[in-house]
Amino acid sequence: MTRQAEAVAIATRAEEAAKGLLRFLTCGSVDDGKSTLIGRLLYDSKLIMEDQLRSLAADSKKHGTVGEEIDLALLVDGLEAERQQGITIDVAYRFFSTARRSFIVADTPGHEQYSRNMATGASTCDLAIILIDARKGVLTQTLRHSYLVHLLGIKHVVVAVNKMDLVGFAEERFDEIVADYRAATSQLAFRHVLPIPLSARFGDNVTMPSNRMPWYRGAMLLEHLEAVNVAVDAGDAAFALPVQWVNRPHQDFRGFAGTVVSGRIAAGDPIVVAKSGRATRVSRIVTADGDRDAATTGQAVTLVLDEEIDIARGDVLVEPRARPEVADQFAAHLFWMHEEPLLPGRRYVLKLGTQLIPATITSIRHKIDVNTQKQQPGRTLELNEIAFCNLHTTQPIVFTPYTENRDLGGFILIDRTTNQTVGAGMVEFGLRRASNIHHQHVDIDKARRAAQKGQKPCLVWFTGLSGAGKSTIANILERKLVAQGAHTYLLDGDNVRHGLNKDLGFTDADRVENIRRVGEVAKLMVDAGLIVLASFISPFQDERRMVRDLFGEGEFIEVFVDTPLAVAETRDTKGLYKKARAGQIKHFTGIDSPYEPPEQAEVTVATGELSAEAAADQILAYLTSHL
Amino acid sequence: MTETRQDIVHYAARFDPAMPRRSSTLSSHLRALEAESIFIMREVAAEMANPVLLYSIGKDSSVMLHLAMKAFWPAKPPFPLMHIATGWDFRDMIVHRDQLTSALGLRLLVQANDAATAAGSTPFNTDSREWARIMLIDALKAGMDRHGFDAAFGGGRRDEEKSRAKERVFSVRSAGHGWDPRNQRPELWHLYNTRVARGETIRVFPLSNWTEFDIWEYIRLEQIPVVPLYFARHRPMVDRGGTLIMVDDERMQFKPGETATERLVRFRTLGDWPLSGAIESDADTVEQVIAEMLSARTSERQGRLVDSDEAASMEKKKREGYF
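Chains as they are written, first to last, in my numbering: chain A, 1 to 627; chain B, 1 to 323.
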């Protein structure tokens, strides 16, 4: 290498060392030219290398949509499937850098059905480029993208009015579109919106000024991306560090590893464990490069504390002057990301920071139409829908509103059975301070009431198909228990639906709520010292588990009344199967709604082989030996 | 008798808690990437039952291992390293691997497809795609299954190749180790969903957001030892249709009329020596490698014969369970 080349290289590196990183996303519909725009940025930044260009030329012949020219979009449309369809279905991350900045680009799909992919891309970005086709102007999807960008907390927006070449580079058209856009998005919380007229295909105002649009005197796109300051004004934000991992290589070292998500901490500073309120001081800030005097937002460190206090993964270390909220109920915007709809009352796993806690959506306050932002009522949430909800966690969690801090206010929901990430949420506010909802202390407790009755209270839960014989067996069992002097109560599905739950139907969402209420009622009765028998089809494992979780060890006895569908249908004591087969009843378990058999029922009674009397005796024998 | 690599000895000493710490001179961009990777590694250590670091001895693996050493310091990384060996790795790579893991005091597992080797498969008599399938993919699956690993760190970067640009940081593999690009979990913020069903595993890519340039800059600034094959030396080479193959041992199968000639070359990527193409270069320091890369006109994967078959080959390989 020549000395000159080396000098150039070293000079380039010096610039490299000083520069920062900008993460931005591009959104627009299939034909707006997102991929072409990114391809243009990569192409013009001279990062497209020769062999990539060669394979691009080959690809363009196979899939290209612009005839003989090189199709820049093919540089970024990755997966084979989408190249064949000519659309971008998943977030693709691209990298380029200039002398002034490094860029990570999230190229996100525009179709409504891929909104979840767009939200994924937006979640880590600080700026959004919203593409508008100059011929089409502001469309419904432009507003949808803008709303999602706003919802995910992005403050900086570039409105890229693309394909100016196809409208004769007309200033009037550009002004009209910009005015439309500003009017339609005035309610969104953007800090800075910059409209730029450009042509991604020919490069006008992308990296070069356009002599075909002399009327535009603002910044070119790349120029703006290099210069824009997206730093949050967090100079006085309070320190917070979610503990990821406890570092304990030997007896003499105990450190708490994590990344600072807000503020700054220095050795000697006081800290508090947000949930427990225990306070101490930071004695050392440890890294493999040596101890630091201080650590700031974004740095991954290990804190050693003055005193040994109880701290584990999931705890959040904060500074005493500004403690985040600790609550088990909060309101949040929820974005649903899975084909299986959200069911209020069903239990999901919530991950927020390093906290992993079971949670339920207790109510949907309203849904939000992503296209019009209008509020509408709703009981469930389908893929790509957004709602403002109340959530409840089984234990208090630590959080701040999402608008204050993404890392302490953003969360995901995970389905407990499929392990899929099904929802993404942004906390708005806590509903009740957990410290205010201590249960009222009462002098007479469950044990006392149970002792008075001379029995161990429990819930015997009968699950099985309609017509399996649940109610018949429960009835006989209750008779036998009472004959032995027990205090009992029988909760029957049909009876409960005449009163407590008469507002509920048979959709999946209503079935979950039905079971949730019955579980809570049964809990009160067990608390009163009773042996409760509950007879409900309760087809979903998750809901039965939800009820089980309300009770202590050994208090919930699941009885699976195992009757083959064919047998139950032949019996058809209430004539319901006949109606369901005729299509007169919808959502009928076993016909057009699933039944998930228990995996670990305490008792299984096979009613195909046993009489109802014998089945009741089998359960009684279990109760006698276990209570 | 193999010579002791002094750079490795000095490097390992840096992680001794009794030694003085060295100050970091990283750019804010590299510091951000480093912190993100450390966060990812700690999440895996905290949430997965039995993770492993797939160590391929190359420059990306060197950076990944360095990040693991930093993430858990002063403790050692709470997981072992696994090398998928084919028996045809460059000798320099094996020396590097053994000296480095021993100097750092790490547990190294080596997994190979001995059955295929015993059956006589060599890179000379096997199609390159088939070779990758049996020696890398099958051996990796076998290694994961044998030790019951539920998560594996890989050094993949999104800038390497188009199908990788769309892969998640946490990528779930079915019980058969397949990847379904249409069914990836949404991955928002830095909230990684690590829950898997029995038999499923997760591939984790802590270097997802690094570029080739970032990797070399980081190696330079952090003074991370890499295999000397990355630097120009005179080596015995055979020119095969424009691809320069190094004769690393006596198993080389020459074609009629072929002989090895000394040429000044270096490698941009490492793998099995009969399948790794070298480039002619006089860059023999990290600084010169970076300078050369800045003026390079050919992207790095071109030297890997395994990948040159067709554009979407990586995606196909991944569906079959490769990293």
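C-beta atoms are modelled at their ideal positions from N, C-alpha and C, and glycine is treated no differently. From a predicted model like this one, the values you see are computed outputs, not experimental measurements.
The three-state reading of DSSP puts A:T124 in coil, since its state is none of H, G, I, E or B. Annotated as distal: A:A257 and A:V398, with beta-carbon spacing of 7 Å or more. Contact of B:E187 with chain A by beta-carbon distance below 7 Å involves T120. If you ignore the 5 residues before and after A:H487, its C-beta comes within less than 8 Å of the C-beta of K453, Q455, G529, L530, I531, all in its own chain and listed in chain order. Relative to the Cα of A:T280, the nearest Cα in the group A:A288, A:D269, A:A240, A:G290 belongs to A:D269.
Ranked by how close their Cα comes to the Cα of A:R479, the residues A:A99, A:D494, A:T607, A:A612 have A:A612 in first place. For A:E176, the enclosing alpha helix (DSSP H) has its first and last residue at 171–184. The beta carbon of A:I154 sits no closer than 7 Å to any beta carbon of chain B. Annotation: A:L391 has no Cβ neighbours in chain B at a cutoff of 7 Å; minimum Cβ distance is about 15 Å. With fewer than 16 other Cβ atoms from the protein chains shown falling within 10 Å of its own Cβ, B:A175 counts as exposed. DSSP places B:W131 in the helix class (H, G or I) of the three-state scheme.
Residues of the same chain with a CB within less than 7 Å of the CB of A:L343, apart from the 5 flanking positions on each side, are T380, D508, A509, V512 in chain order. Close partners of A:Q395 in chain B (Cβ separation under 8 Å) are lacking, with about 18 Å as the shortest Cβ gap. A:V230 sits in coil when the DSSP states are folded into three classes, being neither helix nor strand.
In chain order, V138, V159 place their CB closer than 6 Å to the CB of A:Y181, counting only its own chain and leaving out the 5 sequence neighbours on each side.
Per DSSP, B:D239 is one residue of the beta strand (DSSP E) stretching across 233–240.
Annotation: A:Q584 to A:D592 spans about 12 Å, alpha carbon to alpha carbon.
Between the alpha carbons of A:A288 and A:T259 lies a gap of roughly 14 Å.
At a beta-carbon threshold of 7 Å, none of the residues of chain A lie near B:T269; the nearest stands roughly 13 Å away. Here B:E262 is exposed: its Cβ has fewer than 16 other Cβ atoms, across all protein chains shown, within 10 Å. Spatial neighbours of A:T604 in its own chain (CB-CB distance under 7 Å, excluding positions within 5 residues in sequence) are listed in chain order as F560, D562.
The Cβ atoms of A:R571 and A:G467 sit closer than 7 Å to each other. For a Cβ distance threshold of 8 Å, residue set T287, A288, D289 of chain A lies close to B:K70, ordered along the chain. For A:R347, no CB of chain B lies under 7 Å from its own CB, so it is not counted at the interface with that chain.
Here the region 201–214 of chain B lies against the region 148–165 of chain B, with 3 or more beta-carbon pairs under 8 Å apart.
For the 7 Å CB-CB criterion, B:I137 and B:A116 do not form a contact.
If you draw a straight line from the Cα of A:Q376 to the Cα of A:G314, it is about 36 Å long. The alpha-carbon of A:S538 is positioned some 9 Å away from that of A:N514.
The alpha carbon of A:T36 has as its nearest neighbour, out of A:G353, A:G121, A:A237, A:G203, the alpha carbon of A:G203.
Boundaries for A:T354: no beta strand (DSSP E) harbours it, and the DSSP string shows neither H nor E there. Secondary structure remark: continuous beta strand (DSSP E) runs of at least 3 residues inside the region 399–439 of chain A, in chain order: 410–414, 421–432.
DSSP, reduced to helix, strand and coil, places A:Y147 within a helical segment of the structure shown.
Rounded to whole angstroms, B:L65 and B:L191 show a C-alpha spacing of 23 Å. Just measuring C-alpha positions, the residue of A:V230, A:D306, A:L21, A:D293 sitting nearest A:H156 is A:V230. Rounded to whole angstroms, the Cβ separation of A:A238 and A:V318 is 7 Å, and the two are in contact under 8 Å. The C-beta distance from A:A134 to A:N162 rounds to 6 Å, short enough to fall under 8 Å.
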